[in-house]
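See structure below.
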Amino acid sequence: MSMVEIKKKNSEGLVWYRLFFTVIMLLMAGVFLFGQFFCPEERAFSAFRGNAENLNCYAFETGWNCTYADGTSEYVENAEDCKSTPGELVVMTATLPEGIEDNQCIYIHFIWQQVKIYVGGELRQEYNTDETRPVGTETASAFVYVPLEEGDSGKELRIETITGTSYSGTIKEMYIGEQYGILCQLILENGGSGVYDVVLILLTGICIVVCVVTQALLKRKIPLIYLAWVLLICGLWLLSESVFRQFIVSNLSVFSFLTFWSLMTIPFPFLIYVNSIQEGRYQKYYLPASILTTVNFVYQNVMLFVFGQDMWFNLSKTHIAIGVTILILVVTITVDLLKKRAKKYMLVVVGILGLLLCAVFEMVLYYLNPNWSIGSILACGLLFLLTMAVAKTVKDLVFMEREKQRAIASGESKARFLANMSHEIRTPINSIVGVNEMILRECKEPAIRDYAKDISVAAQTLHGMINDILDISKIESGKMEVNNGEYDFADLIYGLYRMMNGKAKDKGLVMNLDVEEDLPVKLFGDDVKLRQILVNLISNAVKYTKEGSVTITVSGKKKKDNIVLYFEVKDTGIGIKEEDLSKIAVAFERLEEDKNRHIEGTGLGMNITLNLINILGSTLDMQSEYGKGSTFSFVLEQTVVDASPIGNIDEWAKLNEDVNDYYKSGFHASNAEILVVDDNAMNRMVFQGLLKETGVHVTQADSGRECLELIKTKHFDLVFMDHMMPEMDGIETFHNMRKQKENLCKDTPVIVLTANAISGAREKYMAEGFDEYLTKPIMPAELEKTIKRFLPAGLIQQDAETENKKEEKALSVDLLPVEGISWDVAAKYFPDKENLCQAVQDFYRKIPEEAKALREMAGELDNADGVKQYRIRVHSMKSSAMLIGATYLAGAAKFLEDAARKEKVDLLKAATDSFLEEWLSYREKLEENVESHLRGDKETVEDVSVILGLLSGVSSAAKSMDLDFMDENMEHLRKYRYAPAVQEDMDRLADAVTELEQEEILKICDRLVRFLLEEGCR
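Per the working numbering, residue 58 is the first one in the sequence shown, and the count goes up by one each step.
Encoded structure:
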């Protein structure tokens, strides 16, 4: 299932009946227009006549003689009391009053009846819609106009009426007077309900406009818009029931359809509205109500348009559908109230309860007497609900605005935090990566290179986790861009396999790599994002697989000058539950956190992966079976640069492994002058070390002020400037450089070095005027690429083979000969004399500690873990010996390491003592070098109070954790020569300061102070 399908499934909601509701509204509008413009007129009144100033009008109230179809008759005081049955012809007679004048008329309100009206035996008016209504059997309700003359006074008024409804023989209102007067009377008596209609429709319009505008501005749905549709429908319903409708529309039959359609469709927008404010919690429970409403609408319209049965006869079914909807709403709202979930929409709850009470009251009135139900009570309930809903919406909008401002402030804080975090973490990583890179370049010993590679992998993992956090920030801000370029496809795939295979082996997993042999070796695309996608997918597969295998499959299909690549990562891991698939895209979300808490990572990997795949124009397909494993795949189209086939990927790796194993500089520029400005000495050392093989002369400046002084007297071809420096930062220094008159580097390119890798950083620095931007940790390839780009062409020698192939010379040092040690071998690991001396000193100091630890482990050889720990310790001793050129000692340690690996416990017990005897002998062998030569450049302690003062400074700094002051005092202590007993404690103090072990620092300082006060330094 792809993420697109997952999102589609989650967003379906009640969409289908939103669509159905839209169709109904369009149908209602279409039928209304058809009735007004294409159907015959049914208004049952003529043009107004008489004097508009004569507004005399009175209600005609009299008794009636009712004659029924069976010939029986009865006298009733009120026309509504006539006891006729549906379908029965009823003849009703009464006497017109005296004083009737010309231009007067009588208005009689009939409900669903065909009528003939006689005055003095003369047929004066007939109202029957058999010829004018498009469908149905009953005549629409209307005021029937009957013209009168002066001589009609005292004559018999005869009404013949018939209907199939329960309104048979029912007359509601009768008025006698001139037409203008009757109209005024109708307005006086029914104007209130008319105003209700107008108010509801106006409020509907206002609500819809406000909601549409608000949605456009806020880019989100406003549920109030659905309630506005409810009001619109109710307004149409009240209008269709109004006594004024025949003065507005021409065909009453068609317009009466709106009455029933309005009632039938009210549940649709109302359910959508409530479902929205309840955040979809009860969506499945609203489905029956929506289905019932849909079935009722379809059924009644089929009965009307196919079988000709008027919707009036099925009105009770509409009331049932509304009743079911009300019941479900009451239940869900009650559940929310009990579970305290209704707090967010409590105002709407109050409004809905008010509406429900009004709706129930309206239906009760209808069944007590249909004439009493005119919709006004329901309209009051709707207005009350609207008031509550508007109040909630305003409250929500105010809350949203506050949250928006908080989000903006939070975003700014997050940006500042990310900038600081990026700088603070990337700076030490830069040192680790840089120093490690120099080890990989200069060291040829396989064991040391293995250690360095492990450090590189660990640094890359930490770097990747930091990048995950920064990448999610870029994605959220929409600043993640595609950066295409040429790349070696085979190198990318096999490099990922080699990197991840180690992790798989550590867990006992088998990693399979299946790469189609016809794939091209070189492509054009964004290899950085592709690598990140694959690393995340493979890493997740390894993380969540306890046993079995992880299989990486890469295939492709040619498409003109491009190739469509298919990537698949399949594992036999824990799998993913179907209901959890949607959670994969959530940032910081982990599936089954309680079971997987031991798994490392930020929880951002898959979120970033999905976004990166989308940015590259593809989608991630996921297939998973819980407990059996998962398969992740995607396709990606890339441009072919070199169509030469990769061939067998393993053979390709063997051919290229030796070529890529050792570093070679990409250029040589021995006449180039580069200035690096950074307050961190380790960063400057790393920078200089990375350029050692290029022959570039690097000048260091530890502050912006020193930089400004240097450029007064010397021209540099290139300047690398750190941003975050005390006093004058990199940006200030750069601007001061450009302003400074005494400047020999006015046209020199300046590249900013920064650990700030957040979104927009590059644009910010380029806007300041820098020529380029490099992030820490500094990658050697990027550094060399940047230098080659900006150095004058005449300074660069592209062919650096002669420099790279110089014979390695043994370090020329005058160390005293030591039996069992080859200083030439040691020089291969430490070309620099100072570093070698420090290594020998460290080895000398740790000889007793290492011996003691191994002897203790020898006593634990009878258990498996003891053998393992013994092997680890002797391996470390072997490496330490080899580094200082103690080849014989290293060989003896290797013999024990191999025995431990094969678990030859008896051999280890027999050989350990003799090995340790040899090991401890090097303490005596090296003593003369350590004491006399290696420390020959150190100062003699003339005044013990100086040392006591420095120790006091270290102690007080440790208590307050003033790291700078502690390092400063420790640096001064290292300058002096001490007696062996004091030196050992000084070395231990240096180690404790490095590890920031506060208690150990205080303990050693106290011991040294007491010793020096008693014995002195000699």
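Ideal Cβ placement from N, Cα and C applies to all residues, glycine included. No experiment lies behind these values; they were computed from the predicted model shown.
CA-to-CA, the gap between M420 and I670 works out to about 57 Å.
DSSP, read as helix, strand or coil, puts G408 in helix. Burial is judged here by how many other beta carbons sit within 10 angstroms of a residue's own beta carbon; D584 has at least 16 and is buried. In the structure shown, F95 adopts helical secondary structure according to DSSP, grouped into three states.
Nearest in C-alpha terms to E694, of all of K616, T375 and E682, is K616. Within the same chain, Cβ atoms closer than 6 Å to the Cβ of I434 are found at C415, F418 and E419, the five residues on either side in sequence being excluded.
Looking at the DSSP output, D545 bridges to K579.
A straight-line Cα-Cα distance of about 56 Å links E829 and E913. Straight across, the Cα-Cα distance linking V407 with L361 is about 38 Å. For H754, the enclosing beta strand (DSSP E) covers residues H754 to A758. The alpha carbon of F724 has as its nearest neighbour, out of L372, K842 and I703, the alpha carbon of K842. Secondary-structure assignment with DSSP links P204 through a beta bridge to C162. Residue range V567 to V572 is occupied by the beta strand (DSSP E) that includes D571. Contact check for L953 against A968 passes: the beta carbons are separated by less than 8 Å. Taken through DSSP and simplified to helix, strand or coil, S690 comes out as strand.
E99 is positioned such that its CB atom lies no closer than 8 Å to that of V148. If you draw a straight line from the Cα of Q93 to the Cα of V621, it comes to about 60 Å. Taking C-beta separations shorter than 8 Å and ignoring five residues to either side along the sequence, the partners of V692 in its chain run V621, L622, Y623, F624 and S675, following chain order. DSSP, reduced to helix, strand and coil, places S467 within a helical segment of the structure shown. Within the model, the alpha-carbon separation for R555 versus I609 is close to 12 Å. Within the same chain, Cβ atoms closer than 8 Å to the Cβ of P806 are found at L775, V776, D828, E829 and F847, the five residues on either side in sequence being excluded. The DSSP assignment places 228-234 as complete runs of the beta strand (DSSP E) inside the region 214-261, in order along the chain (cut-off: 3 residues). Relative to I219, the option among L243, P204, Y184 and S701 whose CA is nearest is Y184. Beta-bridge annotation (DSSP): A151 is paired with L214.
With contacts defined by Cβ atoms closer than 8 Å, V809 and M785 do not form a contacting pair. By the Cβ rule, the region 391-402 does not count as touching the region 239-247, because fewer than three pairs are nearer than 8 Å. For N569 against S606, the beta-carbon gap comes to about 6 Å, under 8 Å, which counts as contact. A straight-line Cα-Cα distance of about 48 Å links L801 and Y551. In chain order, L1007, G1010, V1011 and A1014 place their CB closer than 7 Å to the CB of N1026, counting only its own chain and leaving out the 5 sequence neighbours on each side. Relative to the Cα of E999, the nearest Cα in the group L309, C241, Y1033 and A1038 belongs to Y1033.
With a contact defined as Cβ atoms closer than 8 Å, I595 and L566 miss out at about 11 Å. In this structure, V698 and K579 form a Cβ contact; the two beta carbons are roughly 4 Å apart against a cut-off of 8 Å. Straight across, the Cα-Cα distance linking D759 with F791 is about 14 Å.
For L732, the uninterrupted beta strand (DSSP E) segment begins and ends at E730 to V734. Taking 8 Å as the upper bound for CB-CB distance, N113 and G292 are not in contact here, some 34 Å apart. A Cβ-Cβ separation of about 16 Å leaves I258 out of contact with C268 under the 8 Å criterion.
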